[in-house]
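The sequence shown finishes on residue 225 if you use this note's numbering, and the numbering steps up by one all the way, no holes.
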Amino acid sequence: FRSKIVTLDDYLAACEKFVQRSLEFGVVGFKDQSAYRRPLDYGNPPRHLAEAAFNRIIAHPRDVFSTAETRDLDDFVFHQLMRLAAKTGLPVQFHTGHMAGLRHDVRQSNPGLLTPLLELHADVNFDLFHGGWPYMGEFLFLGKNYPNVTLDLCWAEKIDPQYCVDLIQRLVMTVPHNKVCEIG
Numbered sequence: 042f043r044s045k046i047v048t049l050d051d052y053l054a055a056c057e058k059f060v061q062r063s064l065e066f067g068v069v070g071f072k073d074q075s076a077y078r079r080p081l082d083y084g085n086p087p088r089h090l091a092e093a094a095f096n097r098i099i100a101h102p103r104d105v106f107s108t109a110e111t112r113d114l115d116d117f118v119f120h121q122l123m124r125l126a127a128k129t130g131l132p133v134q135f136h137t138g139h140m141a142g143l144r145h146d147v148r149q150s151n152p153g154l155l156t157p158l159l160e161l162h163a164d165v166n167f168d169l170f171h172g173g174w175p176y177m178g179e180f181l182f183l184g185k186n187y188p189n190v191t192l193d194l195c196w197a198e199k200i201d202p203q204y205c206v207d208l209i210q211r212l213v214m215t216v217p218h219n220k221v222c223e224i225g
């Protein structure tokens, strides 16, 4: 993008332009890996708090800001991206449960943390990854109770084969079959 970004509106316009260009390129969905750096409990802050965080960043471009200092901006922009997902019909994939590598805080990836987001963006289709391992109950609950959620078992059989067997047995009994995708 060749235009200078100096306001939150500039930034949101650039995000929308990026999504449009991505669609033209052939992108078929959003993929979120936020749990590697923060919990999945997205708040819904008012615009003025996001704008204040954005303005601090613009005013101090060489400073490093903590996740806590940018949380309002992060959450606000995320909701704007969810609106773009709804507008364009793009699904949103979430890494839930298992995270690659070592020493991650698995509590950040609990799919249950997504509940308010799923309710707020009922017009967006969400695909939850990795069988939610080790959060089977929360994973099953979201798939069963939210029409806009698909349960994705990608890598679940490699992460924990017995968990995957138990999960599939419970899925068959609790979740509509059209709400489950992929093993492998």
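Where is the CB? At the ideal position from N, CA and C, for every residue including glycine.
- Under the DSSP definition of a beta bridge, C222 partners with D193.
- In the structure shown, F170 falls within a coil segment according to DSSP collapsed to helix, strand and coil.
- Going by beta carbons, F117 and P152 fall outside the 8 Å limit.
- For K72, the enclosing beta strand (DSSP E) stretches over residues 71 to 73.
- Inclusion of H101 and H136 in the CB contact set at 8 Å is not warranted, their separation being larger than that value.
- Under the three-state reduction of DSSP, F59 is assigned to helix.
- Contact check for A127 and H162: beta-carbon distance about 7 Å, within the 8 Å limit, so the pair qualifies.
- The C-beta of T191 has 16 or more other C-beta atoms within 10 Å across all chains shown, which makes the residue buried.
- Counting along the chain, no beta strand (DSSP E) covers F119; the unbroken alpha helix (DSSP H) around it starts and ends at 108 to 129.
- Listed as beta-bridge partners of V133 by DSSP are F71, F167.
- For L81, the three-state secondary structure derived from DSSP is coil.
- Beta-carbon to beta-carbon, G70 and Q134 are separated by about 6 Å, close enough to satisfy the 8 Å threshold.
- It is roughly 30 Å from the alpha-carbon of Y204 to the alpha-carbon of L131.
- In the structure shown, A141 adopts coil according to DSSP, grouped into three states.
- In the structure shown, Y187 adopts coil according to DSSP, grouped into three states.
- For N151, the secondary structure class from DSSP, reduced to helix, strand or coil, is coil.
- DSSP, read as helix, strand or coil, puts K45 in coil.
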